[in-house]
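Residue numbers (my numbering): 287 to 510.
Heads up, the beta-carbon is just placed ideally off N, CA and C, and yes, glycines get one too.
What follows is the structure, given as structure tokens:
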């Protein structure tokens, strides 16, 4: 090993697998297309789609402990949206309402046992508005790569509606891991990235370009 080995910043990316009537989840299809490096940053794509199951998602801390990433980007599908969005934060409670793929919920008692001493809400410490500005700039500069004028510039936004299903659950779980590790005032460089219901090779390639532009924006905003 070199005496002064260069530090290599890393971004961990995950996508979800099938849920409800969605058999091909674009979040995973897009994540699996990402290159191994973007903007000098190492991209680690978790090799399997996350299961849309609350209790399985509690194991996300093992993925974080294994890779110790600088930034985490969880990708998921927002089937009722036609735009891409990075979410501001997630709630601790409410996952007892919607059954997961195993028809199970995360009960109030389970929430109290696992996260009872954790904040009712946690937010990313990344600057979402700064990231959004750079994201749009990156998309404008690469507009020629997209097919068709209507797809030249993707509709990208910030949002504060990650929901109380598995997307919100895994977002909170990761934010809470960082909160425990670095303390209430410490870094929580985690994003949840919602993608619209895209299907087909061309759409997935476009989604990859939008995601690549996002990772570049995160890298530039944070200074990786």
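#### Entry: Contacting residues, own chain, Cβ-Cβ under 7 Å from residue 380 (five flanking each side not counted)
450
### Message
Could you compute how far the alpha carbon of residue 288 sits from the alpha carbon of residue 504?
### Response
Note that residue 288 scores 44 on pLDDT, short of 50, meaning its location in the model is unreliable and no value can be drawn from it.
### Task
Ignore the nearest five residues each way along the sequence and tell me which others in residue 485's own chain have a CB closer than 8 Å to its CB.
310, 312
### Query
Where residue 408 and residue 461 are concerned, what is the direct C-alpha to C-alpha distance, given to the nearest angstrom?
6 Å
### Cβ-Cβ separation, residue 340 to residue 478 (assumed contact under 8 Å), whole Å
Wrong, their Cβ atoms sit about 16 Å apart, outside the cutoff.
### Query
Taking the C-alpha atoms as reference points, what is the distance between residue 397 and residue 416?
33 Å
### Message
Less than 7 Å between the beta carbons of residue 338 and residue 307, yes or no?
### Response
no
#### Entry: For residue 392, the three-state DSSP class (helix, strand or coil)
coil
### Task
Enumerate in chain order the residues of its own chain whose CB-to-CB distance from residue 241 is below 6 Å, with the five nearest sequence positions on each side excluded.
Given a span of 287 to 510 for the chain in the structure shown, any question on residue 241 remains unanswerable.
### Query
What's the call for residue 373, buried or exposed, on a 16-neighbour Cβ count within 10 Å?
buried
### Task
Take residue 296 as the anchor and find which of 406, 357, 352, 344 has the nearest alpha-carbon.
357
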